[in-house]
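Chemist: For the sequence shown, numbering that gives the first Met the number 0 gives the first residue as 0, with consecutive numbering after it. Built from N, CA and C at the ideal position, the CB exists for glycine as well. Shown below is the structure under consideration.
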Amino acid sequence: MSLSTQPETSTEDAEYQQRYQTIVENLASIREKMKAVAGGEKARLVAVSKKKPASDVLIAYKAGHRHFGENYVQELVEKSKELPSDIKWHFIGSLQSNKCKTLARIPNLWVIETIDSIKKADALNKSCESRDSPLKVFIQVNTSKEESRDIRKNGVEIEKCVPLAEHIIDNCNNLELRGLMTIGAADWEPSHGPNPYFRILVTCRDEVKKHVKQKNGMEIDLKLSMGMSDDLQEALEAGSTEIRIGTAIFGARPSK
Numbered sequence: 000m001s002l003s004t005q006p007e008t009s010t011e012d013a014e015y016q017q018r019y020q021t022i023v024e025n026l027a028s029i030r031e032k033m034k035a036v037a038g039g040e041k042a043r044l045v046a047v048s049k050k051k052p053a054s055d056v057l058i059a060y061k062a063g064h065r066h067f068g069e070n071y072v073q074e075l076v077e078k079s080k081e082l083p084s085d086i087k088w089h090f091i092g093s094l095q096s097n098k099c100k101t102l103a104r105i106p107n108l109w110v111i112e113t114i115d116s117i118k119k120a121d122a123l124n125k126s127c128e129s130r131d132s133p134l135k136v137f138i139q140v141n142t143s144k145e146e147s148r149d150i151r152k153n154g155v156e157i158e159k160c161v162p163l164a165e166h167i168i169d170n171c172n173n174l175e176l177r178g179l180m181t182i183g184a185a186d187w188e189p190s191h192g193p194n195p196y197f198r199i200l201v202t203c204r205d206e207v208k209k210h211v212k213q214k215n216g217m218e219i220d221l222k223l224s225m226g227m228s229d230d231l232q233e234a235l236e237a238g239s240t241e242i243r244i245g246t247a248i249f250g251a252r253p254s255k
């Protein structure tokens, strides 16, 4: 569906029409920015809809978008029930072992991007026993080496990335390792030079590929989920294959 196509709706509400136009134009703008970077058109755009109403997601859906990211389990559960079943949901929030069963029951959960320990991988693997096919997962890497309850600073230690990847492939039959994810530090300024956290994730990916093979003996193909609204171009230039964009599409989120 063309981004310029208006959705079929009986409402003439001016506020809705303005909201529709804003989201559609923002999506088009982000896609143009991605295309302007070499190889950027091949990267996946994940529209991060946390704390935004289901109506916003539906607008982007009607504009042809399918990949959406959510940070909170209950919010994802509610939206997945209300919105079209062919949406591909990405869980990008902090993963807790006691929430694995709840997440695994979402039929159109496409990937969990925040595996950061063997314990959580095992819990999720057990929870996914009843799914029709293995659940895609990314390993979140703490490239900034910061400790905090902030999701930005979560992730497995760089040195433990390869062992975690090996464990998932060798012991978690209900999971499919598809890539690595990082958020990096919030205070990095592009004026300081190339983002070191992106470079670190690329190095981690290369190390995993060097040490790990799929069960069929083939080299593993790993994606890189890195880059958000403020560093989209830099992330793509560093080799990101997935960009997580929220604010630049849906606007500022309400404060907690």
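How many whole angstroms separate the CB atoms of Glu74 and Lys49, which I take to be in contact at a CB cut-off of 8 Å?
Modeler: 7 Å
Chemist: Just curious, the alpha helix (DSSP H) that His202 is in, first and last residue?
Modeler: Correcting the residue type first, residue 202 is Thr in the shown sequence and not His. First-last of the alpha helix (DSSP H) with Thr202: Pro195 to His210.
Chemist: Quick one: is the Cβ of Ala237 within less than 7 Å of any heavy atom of the ligand NAD?
Modeler: Of the ligands one can find in the structure shown there are none, so the ligand NAD has no counterpart to examine.
Chemist: Measure the CB-CB distance between Ala120 and Cys171 and report whether it falls below 8 Å.
Modeler: yes
Chemist: For the pair the stretch 159-179 and the stretch 131-146, tell me if three or more CB-CB distances fall below 8 Å.
Modeler: yes
Chemist: Are the CB atoms of Val140 and Leu200 within a distance shorter than 8 Å?
Modeler: yes
Chemist: Any idea if Thr246 is buried or exposed, counting beta-carbon neighbours within 10 angstroms, 16 or more meaning buried?
Modeler: Taking every protein chain shown into account, the CB of Thr246 has fewer than 16 other CB atoms within 10 angstroms, so this residue is exposed.
Chemist: Please give me, in chain order, every unbroken run of the beta strand (DSSP E) with length at least 3 that falls completely inside the stretch 51-135.
Modeler: 66-69, 87-90 and 108-114
Chemist: If you reduce the DSSP assignment to three classes, tell me which class Ala46 lands in.
Modeler: strand
Chemist: Let me check one thing: in DSSP terms, what residues is Ser239 bridge-paired to?
Modeler: Bridge pairing for Ser239: absent [DSSP].
Chemist: To the nearest angstrom, how far is the alpha carbon of Asn107 from that of Tyr196?
Modeler: Take the alpha-carbon of Asn107 and the one of Tyr196: they are about 31 Å apart.
Chemist: For a quick check, are the C-beta atoms of Gln213 and Ile168 less than 8 Å apart?
Modeler: yes
Chemist: Mapping the DSSP letters down to three states, classify Glu156 as helix, strand or coil.
Modeler: coil
Chemist: Where does the unbroken beta strand (DSSP E) through Ser224 begin, and where does it stop?
Modeler: Lys222 to Ser224
Chemist: What would DSSP say about Arg272, mapped onto helix, strand or coil?
Modeler: The first residue shown for the chain is 0 and the last is 255, placing residue 272 beyond what the model contains.
Chemist: Taking the straight line between their C-alpha atoms, what separation do you get for Ile58 and His210?
Modeler: 43 Å
Chemist: Contact check, Leu26 vs Ile248 under 8 Å by CB: the rounded distance?
Modeler: 6 Å
Chemist: With DSSP as the reference, please indicate the residues paired to Val140 in a beta bridge.
Modeler: Residue pairing by DSSP places Val140 opposite Val155 in a beta bridge.
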